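Comments concern the structure below.
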Amino acid sequence: MYDVMIIGGGVAGMSASIYSASRGLETIIFESGALGGVIGRVSTVSHYAGIISGETGASFVNRIVRQTEELGVKLRRETVSGVSLDGPVKKVITSAGVYEGKTVIIASGLIPRKLGVPGEEKFTGNGVYYDTGEYAGGGNNIFVVGGSDGAVKEALFLSQSSKHVEIIHWEEKLGSIREFTDKVADRGNISVRLNARLLGIKGTDRIDAIVFRDERDGRTEEIPATDARVFIFAGSIPDTSLYKPLVLKDGYIVTDESMYSGIPGVFAAGDIRLKKIRQIATAVSDGAVASISAKAYIDSMFKKGIN
Ligand SMILES: Cc1cc2nc3c(=O)[nH]c(=O)nc-3n(C[C@H](O)[C@H](O)[C@H](O)COP(=O)(O)OP(=O)(O)OC[C@H]3O[C@@H](n4cnc5c(N)ncnc54)[C@H](O)[C@@H]3O)c2cc1C
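Position in the sequence shown (from 1) plus 81 gives the number in our numbering.
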C-alpha cells in the first residue's frame, strides 16, 4: 500500500514525489516514457529560476531524477492503463499489475497536436518529428512548423547544426517572446514564411517535397525539399480518457487551488490541469501543492500522524 501514487514522471510528477517522499510518504511514480516528460526532450530550458547557462532539457531533468532517487522514490517504467479512484483505497493498473494506494496524483501532461495532413503519419520518426530530443544534427532542409516560444526556440537550436532552417507559421507574425524573435532576426540561416499553412508532406522513402497554402490568397505551392526534416510544434492536447469520473473542461482536469480534483484523495498537477500558464514553474508548483494536500488528506483520513 503506497501513500502517494503519481501518474507521470514529468516535472510536475517529480516535484510532487520530492515533496511527498520528504514528508515520509511511501511514493511511487509511473512513467510510460522517459523520466522528465516534455522538457527532457527540449534543446534548452529557458527562464526557469536556477537553471545553469546553456541548460539542456536532459541536464535539467537528470538533476531532478537524481534528487528523487536520493529520496527513495520508487520509479516504475510502466504505462498506466486504468485507475479506480473511489473509496479510501485507490488502484492504479499497469501491464505489470495492480498497485494500491491512499492517494493518486495525476501528472500525465499533454500530447503533441497532430496536423492531420497527408504524409505526416507516414514520415513520423523518419523525417517528421514533434520534438528535437533524438535529433543528432545534420540535414540541409529543415522546416519548423509553428510560431510559439517552443517552436522558435527549437528553430534557433536546429540552426546551429544545419545550413538553413525555415519556420512555417500560419499567422501573420511569430507568437514567441521578443528574446527569441530578435535572435531569429540576427541569425543568418533562418527564414520565416508567415501566413503559410502546411498542407502536406510528399515523398516515397524519404521526404522530397512540402506543400503549403498562402493564407492570404489561398494559393498552394509545392517546394522541393530533398530529405527534409519537418519539426511540428502545433500545440498540445490533453488525453484524459482514463479519468472520465473527474470533472473535466475541454479535456483538462479541473482542480481547486490545493490541486484537489473533487474525488477525495485524488489530485492533479502540471499541464494536464485546467489553468492558463503552462511552464516548468507552474508544473513544479502544482506538484508541490498536490503532495502537501495529499499529506493533509492522509493525516485526516488515516490518522497516521506522519511528520
Ligand atoms: C518545445 C517546448 C519547449 C518548452 N520550453 C520551456 C521552457 O524553456 N521553460 C518552461 O518553463 N517551460 C517550457 N515548456 C513547457 C514545459 O515543458 C511544460 O509546462 C512542463 O514540462 C509540463 O510538465 P508536466 O510534468 O505537467 O507534463 P509532461 O512533461 O508532459 O509529463 C507528463 C508525463 O506523464 C507521462 N504519462 C502520460 N500518460 C501516462 C500513463 N498513462 N502512464 C504513465 N505515464 C504517463 C508522459 O510520458 C510524460 O512523461 C516547453 C514546452 C515545449 C512543448
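Just so it is clear, CB atoms sit at the ideal spot from N, CA and C, and this is done for glycine as well.
All values reported here derive from a predicted model rather than from experimental measurement.
What residue from the options has the CA that sits closest to residue i's CA?
i       : options                            : result
Arg-278 : Ser-113, Ala-369, Val-225          : Val-225
Lys-234 : Glu-252, Ser-127, Arg-144, Ile-145 : Ser-127
Ile-174 : Thr-160, Gly-168, Ile-186, Thr-184 : Thr-160
Tyr-324 : Gly-214, Glu-252, Lys-172, Glu-253 : Lys-172
Asp-320 : Ala-177, Thr-285, Pro-193          : Pro-193
Ala-93  : Ile-373, Gly-351, Ala-371, Ile-133 : Gly-351
Lys-271 : Glu-260, Asp-286, Ser-257, Ser-240 : Just to set this straight, residue 271 is Ile in the shown sequence, not Lys. Looking at the Cα atoms, Ser-240 is the closest of the given residues.
Ala-217 : Ser-242, Ser-366, Ala-139          : Ser-242
Thr-108 : Ile-373, Lys-384, Met-382          : Ile-373
Glu-151 : Ile-133, Ser-98, Lys-195, Lys-203  : Ser-98
Val-142 : Gly-178, Glu-296, Ala-130, Gly-91  : Gly-91
Thr-336 : Phe-383, Ser-322, Thr-285, Lys-357 : Lys-357
Glu-296 : Glu-252, Lys-244, Gly-219          : Glu-252
Arg-294 : Asp-286, Ile-304, Arg-287          : Ile-304
Phe-238 : Val-170, Tyr-180, Gly-135          : Gly-135
Lys-254 : Val-273, Ser-317, Asp-286, Ile-133 : Val-273
Leu-355 : Ile-344, Leu-329, Phe-348, Ser-366 : Leu-329
Any idea what DSSP makes of residue i, helix, strand or coil?
i       : result
Tyr-129 : coil
Met-86  : strand
Arg-294 : strand
Ile-387 : Interpretation of Ile-387 is limited by its pLDDT of 44, a score under 50 that renders its predicted location unreliable; no figure is taken from the coordinates.
Glu-159 : coil
Leu-191 : strand
Leu-327 : coil
Ile-358 : coil
Ala-315 : coil
Ser-98  : helix
Thr-213 : coil
Ala-349 : strand
Thr-301 : strand
Ser-52  : Limits of the chain in this structure are 82 at one end and 388 at the other, which puts residue 52 out of reach.
Val-370 : helix
Lys-431 : An answer regarding residue 431 cannot be provided, because it is not within the stretch 82 to 388 covered by the chain.
Glu-150 : helix
Val-92  : helix
Ser-165 : strand
Val-365 : helix
For a quick check, are the C-beta atoms of residue i and residue j less than 8 Å apart?
i       : j       : result
Ala-102 : Gly-153 : yes
Leu-327 : Ser-342 : yes
Val-85  : Ala-375 : yes
Gly-89  : Gly-118 : yes
Val-292 : Thr-301 : yes
Ile-379 : Leu-166 : no
Ile-282 : Val-198 : yes
Thr-307 : Asp-289 : yes
Val-34  : Ala-236 : With the chain covering 82 to 388 only, the question about residue 34 has no answer from this structure.
Gly-332 : Ala-188 : no
Asp-212 : Arg-122 : yes
Met-82  : Thr-149 : no
Gly-214 : Ile-313 : no
Ile-248 : Ala-232 : yes
Ile-120 : Ala-371 : no
Thr-125 : Gly-346 : no
Arg-144 : Glu-112 : no
Ser-229 : Gly-200 : no
Gly-284 : Phe-204 : yes
Leu-156 : Leu-116 : yes
So residue i and residue j are in contact, right, with Cβ under 8 Å, and what is the actual spacing, rounded?
i       : j       : result
Ala-275 : His-250 : In the sequence as displayed, the identity of residue 275 is Leu instead of Ala. About 6 Å; that satisfies the 8 Å criterion.
Asn-222 : Ala-315 : With a Cβ gap of about 19 Å, Asn-222 and Ala-315 do not count as contacting.
Ile-353 : Leu-191 : 7 Å
Less than 8 Å between CB atoms is the rule here; does residue i satisfy it with respect to chain C?
i      : result
Ala-93 : No chain C is present in this structure, which holds just one protein chain.
Worksheet item: At which residue ranges does the stretch 230 to 292 contain complete alpha helix (DSSP H) runs of 4 or more residues, listed in the order of the chain?
Response: 230 to 240, 259 to 267
Worksheet item: Which ranges would you report for the beta strand (DSSP E) in the stretch 100 to 148 if only whole runs of at least 3 residues count?
Response: 108 to 111
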